[in-house]
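Engineer: For the sequence shown, the positions run 1 to 273 when the UniProt record's numbering is used.
Using N, Cα and C, we set each Cβ at its ideal position, and we do this for glycine too.
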Amino acid sequence: MLAPKRSWIQQVVYLIGMYGQFLKVYVKTLVEYRADTLIAVIAGIVAQGSTLIFLTVIFNRIPTLAGWDFYELVFMFGLAATGRALNQTFFNAPFLLTGYIRNGRMDMMMVRPVGVLFQAIGYSQELNGVGQLITGFAIMGYSASHLDMAWTFLSVLYVGIALLCSAFIQFSILLTISVLTFWIQEVRSLIYPITWLYDFTRYPLQIFHPLLRGLLTYIIPYSLASFYPAAYLLRPEQYGWAVWGVPAAAMVIVMMAYFIWSQGLKRYSSVAG
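1) Just to confirm the assignment, what range does the alpha helix (DSSP H) spanning T98 have?
2) Please name the residue or residues paired with L65 in a DSSP beta bridge.
3) Comparing C-alpha positions only, which one of V159, Q206 and Y258 sits nearest to G78?
4) Quick check: the Cα distance between A144 and F75, rounded to an integer number of angstroms?
5) Rounded to a whole number of angstroms, what is the C-alpha to C-alpha distance between T56 and M251?
6) How long is the line joining the alpha carbons of L215 and P193, rounded to whole angstroms?
7) Determine the closest residue to S50 out of G136, L163, I161 and H146, with distance taken between C-alpha atoms.
8) Once DSSP output is grouped into helix, strand and coil, what is the label at M76?
9) Output yes or no for whether 9 Å exceeds the beta carbon distance between I45 and I134.
10) Just tell me which of Q88, I169 and A231 has its CA closest to the CA of I220.
11) Using the C-alpha atoms, what's the distance from L73 back to G67?
12) Mind checking whether F182 and A257 have CB atoms under 9 Å apart?
13) Taking the alpha helix (DSSP H) that P247 belongs to, which residues open and close that run?
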């Protein structure tokens, strides 16, 4: 099937409309399976609440952690949790790639007049991310109300940009790992540990060993997806570079991941072959 010729603007509008259809199906799923949705929300509240309890216990004994106080850490945790929830809810494709290849669904996606990666993202909405998304925003709002933060239109806009960058950075890192499945048969034993590394960036990087800080900043740059955006919002005079550095880094990371994906896709051979 040949795709109709469109200008790049028409193509963007077409893809936005198509992704809207994917989201419509996702919303219908949430409404149809109300019990599952409720369980997902409760699970998200419990998961995030347990970390808040942990932080409360810690700060009952120490006033600050690496110079950050309780509500600053809660805000940092809330932004990290929200970014992860966005990634899990809308960009869960890297976890499904191996299954698409093994069950032959990749063959079907290859012959459609829309990019394979776009389809994989469209099919990947994850129900369990809903609860964490709701509680993540609630935690950010709760902590921000206890902090002396100057909220302006630009700072609110930056929160939105930072959360999108967080989701894109996480997606790109995990996509890069999952693309290895085009060369080797099993990568899930690697992709899950890489995912868990993100949990470190819910806390100030200063509390970790320099080697781990370097790993999370330059090799697997999760810190750009959570710690540095939160640090800028909390202390803009100290982390001013993050206002442009985080979006710029996210663009570079996304482009690199897409290039690696393109190279991997060239190696794909049909399961029917």
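Structural biologist: Quick look at the numbers:
1) L97 to R102
2) W68
3) V159
4) 7 Å
5) 36 Å
6) 14 Å
7) G136
8) helix
9) yes
10) I169
11) 10 Å
12) no
13) A242 to K266
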